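Comments concern the structure below.
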Amino acid sequence: MLLLDEPSQGLAPLVVRELSRIIRLLREAGVTILLIEQNMKLAEVVADELHIMVKGRVVYSADPQRFHAEAELVRTRYLTV
-6 MLLLDEPSQG LAPLVVRELS RIIRLLREAG VTILLIEQNM KLAEVVADEL HIMVKGRVVY
54 SADPQRFHAE AELVRTRYLT V
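Those letters in the sequence shown? Residues -6 to 74, per my numbering, in order.
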């Protein structure tokens, strides 16, 4: 298992794209990856499942397709300050 905590933090967009490519290659090779990430675009591209936590509790779970379809609802309900 590979644990990645905010791997895209502070990286240039070009580097984030390369990071995304590497994560997908690892996933295709059978590596289990736990990704903690605020960059939802990256998470959508590389994840099989997305979970949103608020105060240490999972409040939303979906596959990337469902997450994308419900993106506005998710943003207003869970990702606003």
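The C-beta atom is built at its ideal place from N, Cα and C for all residues, glycine as well.
Remember, predicted model here, so these are calculated numbers, not experimental data.
Could you pull out every residue in the same chain whose Cβ sits closer than 8 Å to the Cβ of residue 56, ignoring the five residues on either side in sequence?
41, 42 and 43
Test item: CB-CB of residue 39 and residue 68 under 8 Å:
no
For residue 9, which beta-bridge partners are listed by DSSP?
BP columns for residue 9 are empty, so no partner.
Residue 54 classed as buried or exposed, judged by whether at least 16 other C-beta atoms fall within 10 angstroms:
exposed
Less than 8 Å between the C-beta atoms of residue 35 and residue 8, yes or no?
no
Limits of the unbroken beta strand (DSSP E) element including residue 52
50 to 55
Cβ of residue 21 within 8 Å of Cβ of residue 1?
no
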